[in-house]
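What follows is a set of notes on a single structure, which appears directly below.
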Amino acid sequence: MSEAVSRYRDPAGESPTWRVLLTLVAVAFLAIVVILPLITVFYEAFRKGAAAFFEAFQEPDAIAAIRLTLTVAAIAVPLNLVFGVAAAWAIAKFDFRGKTFLVTLIDLPFSISPVISGLVYVLLFGAQSYLGPILKSQGIQIIFALPGIVLATVFVTFPFIARELIPLMQEQGTGDEEAALSLGATGWQTFWYVTLPNVKWGLLYGVLLCNARAMGEFGAVSVVSGHVRGLTETMPLHIEILYNEYNFAAAFAIATLLALLALVTLALKTLLELRYGDEIAAGRKH
Amino acid sequence: MSRSKRLLGLAAAGLFASLLVAPQVLADTKLLNVSYDPTREFYKEFNAAFAKDWKTKTGETVTIQQSHGGSGAQARSVIDGLDADVVTLGLESDIDAIASKTKKIPADWRKRLPNASAPYTSTVVFLVRKGNPKGIKDWPDLVKDGVQIITPNPKTSAGGRWNYLAAWLWAAKQYNNDDAKIKAYIADIYKHAPVLDTGARGSTVTFAQRQLGDVLLAWENEAYLAKQEFGDGDFDIVVPKLSILAEPPVSLVDGNADAKGTRKVAEAYLQYLYSAEGQTLAAKWFYRPAKPELVPADKLTLPKVDVVSIDDPIFGGWKVVQAKHFDDGGIFDQLYKPGK
Amino acid sequence: MTRWRQPSILPGFGLTLGYTLLYLTLIILVPLAALVWRSTGIGWSAFWALAFDQRTLLALRVSFGAALIAAAVNVVFGVVVAWVLVRYDFPGRRLVDAIIDLPFALPTAVAGISLAALYAPKGWIGQIFAPLGIKIAFTPLGIVIALIFVGLPFVVRTVQPVMAELDREVEEAAATLGANRFQTLAQVVLPMLVPAILTGFALAFARAVGEYGSVIFIAGNVPYVSEIAPLLIVIRLEEFNYAGATSIACIMLIISFCMLLIINMLQMWSRRRYSNV
């Protein structure tokens, strides 16, 4: 009897041997490609002991880098949040010509090399450009200062929130909003009490990804930063500096902070999906 | 005003605020020293010493901010608007580039400070693996079969250019100025170079950390520093019989310092490099001080090397060298061809 | 004449679209226009000479070649991973599912130094291969490793939802009609996944071509051999060679735009495909 059960094979499934084999291949691949690098970050950070690890965070330049990174994210993420919501409203709730093209343009920063994202601002605001010297004479410094770093970060993280919201809001259609309006709600009330609650988890997810990316951006920021320690160095750039000063333990120590940020982002994301899976599923694609 | 408009207004205000709040409005005096790669450790200590000295002399607090990278790359940043008060770069032509492209430094800047504005000098030496397994003793050994050389990109790194010129110098003496033979030797050197990092520090990391190559052509101070950082057990330093006199110069960036009102302290900063304290620190970090008489004799530990200056007829000074060797289409571009 | 936009009773169209366009123009379009304008400023023949300089071509080849190989590897393993996650249940499946997005959330510089430490001759993985004479870090192989890392989530996350939607009755029907499992997978399941796989491939590829942070730490950065195009842009910039930097950037920009169009077409194809199923 039990033999018969175990011999039964789902015609639309693989044999147990294949199942185990494929699962092992998948898990091994992920272990090597994703998990091992993650472990390496923590291993290298603590290789010289916990004292060396904590010492890395006492360094004034490291503290300045952490502060700058937080500042940049605190400016860049809200900017992209407002943009993302506005763009999603216009694109998801209305039909107009050229919509597909507009979406393609919003996607553009995804496939542009971060180096180019930085370069464009150097060309636009550098001392060799037309705008640079004019702004400079007004005492405004763009590149090699906070504004340039913010701009490069905004460019790189530009599509994240919009791309998360657009499919989600499209999926939900306009029925709820129309009902609210016909009941006498103002446009703002409709958005605040009808649309927003419907998309809030997707929105939160978009903000999380945008934030992780904003804090970790390297290429674009590297081009516009000027690398002044303690002033225009974000955490990823500080990691590179420490790495180049043979201070590998400290470099990996700062890296653990960013790795933790990534892990927290993933944990929150998983939690959101477990609880509000259906709402987010539509916006799952990156 | 509706809330949505207020929100948009807020976002716009945020954008503009971020554009306007450039971190320039600062209470204490701040100096920005834009420097090249291997000076990191030296300036870290020197800056603290100067700030202390300035405080006792004037009562003012001064903070020195540092930026490091390949010398050419750093000059590019200053040309692009990085607000350096002083530049302390790896060679003359990088400061010349700033002077000619931005007019923020007068053309005769070299005459303003002693020793042609080079407060310390250095030379090019070889860093090899412990026990020198490939038996590299002098320039001809570099191009033996199976030897891999690590040296930075001469286009972006001052160290890279000094290395190139030191090799050129040896070949010029060896082959009696026979151009074809010198070029063949230089081309051979770069055939043995698997990596060209953009800065001297990048090359050291490649050699010491990434374990690539058999010999690192390096600034003398960078070689000693690497030996010290990684523990004496890993590397040996080989001093070639003949090398180049590398003079990393310093200058005030007049345009920036005047705009920021920091000229006085910036000039004092550069002068302090020539003081007994500055010179002793330079010696401590393996530079050869311009005024060795100010340094206690026991701090002068570097061995004697036979060096030739860039102003020697073999080269004819930096202006000639830069144009002939390193500008686009120059000799380096002609000689440097795909690896293997 | 058809209307430019469909009528709707919802408010705020003008405001939101206006803001979207303004912000898009300021942050993305004007800077990109500056790039294109600067590179046309040097004249066609000069642009051509710079863009098709041998070192540029080889850097582009390294970038595209490595991205292609990495995306191909990701397609093979990414499809297996997605299949296992969708069809099988095993302890820790949730965790595995969550960790897929790590490369997306982990800063590239962190990935770069970590991979370099891992694959260097003295690293955990590097020391396995070093005695065999295989060097991974600081060779073109290292670039491929880094690009596999950054591209993985794109393939898995594109294929996974489509797999979840697959109608299993079709597979059962194939089995009843006498097809063995392999035939069913190859001839029934795979064709249904093709648009999603291609989209995932294109996304991973597009991302990998422009990748910089994770690659520079693990690549040898040897000109003509393991120098990627974005690095060459940075090097040109550091050499004061603005014309060189902008011309390479311009070529990459054109290619990115084409990639994006292809991806959009693939997505339209796959939407049509799956809405018919």
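Chains as they are written, first to last, in our numbering: chain A, 282 to 567; chain B, 422 to 761; chain C, 119 to 395. We put the beta carbon where it would ideally sit given N, CA and C, even for glycine.
Close-in-space but distant-in-sequence residues of the same chain around residue i (CB under 8 Å, 5 per side omitted)
i: A:T298; result: none
i: B:D562; result: K555, G556 and V568
i: B:A697; result: L715 and V716
i: A:R300; result: G294
Cutoff 6 Å; reference residue i; Cβ partners in own chain excluding five residues on either side
i: B:A608; result: L756
i: B:A614; result: I570 and T572
i: A:L523; result: A531 and A532
i: A:A333; result: A530
i: A:E325; result: F533
Beta-carbon gap between residue i and residue j smaller than 8 Å
i: B:L377; j: B:S492; result: Residue 377 of chain B lies beyond the stretch modelled for chain B, which goes from 422 to 761, so this question has no answer here.
i: B:L510; j: B:P717; result: no
i: A:Y557; j: A:W482; result: yes
i: C:I346; j: C:V180; result: yes
i: C:V191; j: C:I266; result: yes
i: B:D515; j: A:Q409; result: no
i: C:A177; j: C:I261; result: no
i: A:G497; j: A:I442; result: no
i: C:M281; j: C:W387; result: no
i: A:H569; j: B:G581; result: Chain A is shown only over 282 to 567; residue 569 of chain A falls outside these bounds and no answer can be derived.
i: B:P459; j: B:E650; result: no
i: A:I430; j: C:L371; result: no
Backbone secondary structure at residue i - three-state DSSP
i: B:Y695; result: coil
i: C:N359; result: coil
i: B:V446; result: Only weak support exists for where B:V446 lies, its pLDDT of 40 falling under 50; the coordinates are left without a value.
i: C:V307; result: helix
i: B:K451; result: strand
i: A:R444; result: helix
i: B:V549; result: strand
i: B:L440; result: The predicted position of B:L440 is uncertain, since its pLDDT is 45 and thus under 50; a value taken from the coordinates is nonetheless stated next. In the structure shown, B:L440 sits in a helix (DSSP, three-state: H, G or I).
i: B:S578; result: coil
i: C:A282; result: helix
i: C:P271; result: helix
i: A:S287; result: Because the pLDDT of A:S287 is 46, which lies under 50, any placement of that residue in the model is unreliable, and the number read from its coordinates should be weighed accordingly. It is helical.
i: B:S730; result: coil
Residues near residue i by beta carbon distance below 7 Å, same chain, minus five either side
i: B:Q445; result: Caution applies to B:Q445, whose pLDDT of 39 falls short of 50 and renders its modelled position unreliable; the value that the coordinates give is listed next. Closer than 7 Å at the Cβ level, and outside the excluded window around B:Q445, lies no residue.
i: C:G362; result: L168 and R354
i: B:K725; result: none
i: B:D559; result: P661 and K662
i: B:N584; result: V545, T572 and L638
i: A:K380; result: I372
i: A:A543; result: A493
i: A:T486; result: Thr is not the amino acid found at residue 486 of chain A; the sequence shown has Tyr there. The residues are E445, K550, L553 and I561.
i: C:G132; result: none
i: A:H519; result: D342, A343, A346 and I535
Span of the beta strand (DSSP E) around residue i
i: B:Q486; result: V483 to S488
i: B:A639; result: V636 to W640
i: B:L673; result: V671 to L673
i: B:I658; result: F656 to V659
Any non-hydrogen atom of the ligand SAM closer than 7 Å to residue i Cβ
i: B:A520; result: The ligand SAM is absent from the structure shown, which contains no ligand whatsoever.
Range of the contiguous alpha helix (DSSP H) that encloses residue i
i: C:W201; result: Q172 to R205
i: C:D215; result: R211 to I217
i: C:F165; result: W162 to A169
i: B:D517; result: E513 to T523
i: A:T471; result: G468 to T471
Output, in sequence order along the chain, the residues in the stretch 212–225 of chain C whose CB is closer than 9 Å to any CB in chain A.
R212, L213, V214, D215, A216, I217, I218, D219, L220, P221, F222, A223, L224 and P225
The stretch 310–344 of chain A: positions lying closer than 7 Å to chain C by Cβ
F310, L311, V314, V315, I316, L317, P318, L319, T321, V322 and E325
Please list, in chain order, the residues of the stretch 562–585 of chain B that have any C-beta partner in chain A closer than 8 Å.
none
Of all the residues that make up the stretch 348–364 of chain C, which are near chain A by a beta-carbon distance shorter than 9 Å?
P348, L349, I351, V352, L355, Y360, A363 and T364
Taking any Cβ of chain C, which residues in the stretch 368–380 of chain A have a Cβ under 7 Å from it, in chain order?
A368, W370, A371, K374, F375, D376, F377 and R378
Using a Cβ cut-off of 9 Å, which residues of the stretch 490–524 of chain A contact any Cβ in chain C, in chain order?
L490, A493, R494, M496, G497, E498, F499, G500, A501, S503, V504, M516, P517, L518, I520, E521 and Y524
By the 8 Å beta-carbon criterion, what residues does the stretch 227–246 of chain C contribute toward chain B?
A234, A238, P239 and K240
What residues in the stretch 395–412 of chain A bring their beta carbon closer than 7 Å to a beta carbon of chain B?
V403, G407, A408 and Q409
Taking a Cβ distance cut-off of 8 Å, strictly less, list which residues of the stretch 493–510 of chain B are near chain A, in chain order.
S498, I500, D501, G502, L503 and D504
Report the residues of the stretch 605–639 of chain B with a CB closer than 7 Å to any CB of chain C, ordered along the chain.
P615, V616, L617, D618, T619, R631, Q632 and L633
Got a sec: which bits of the stretch 420–447 of chain A sit with their beta carbon under 9 Å from any beta carbon on chain C, in order along the chain?
L432, V435, F436, F439 and A443
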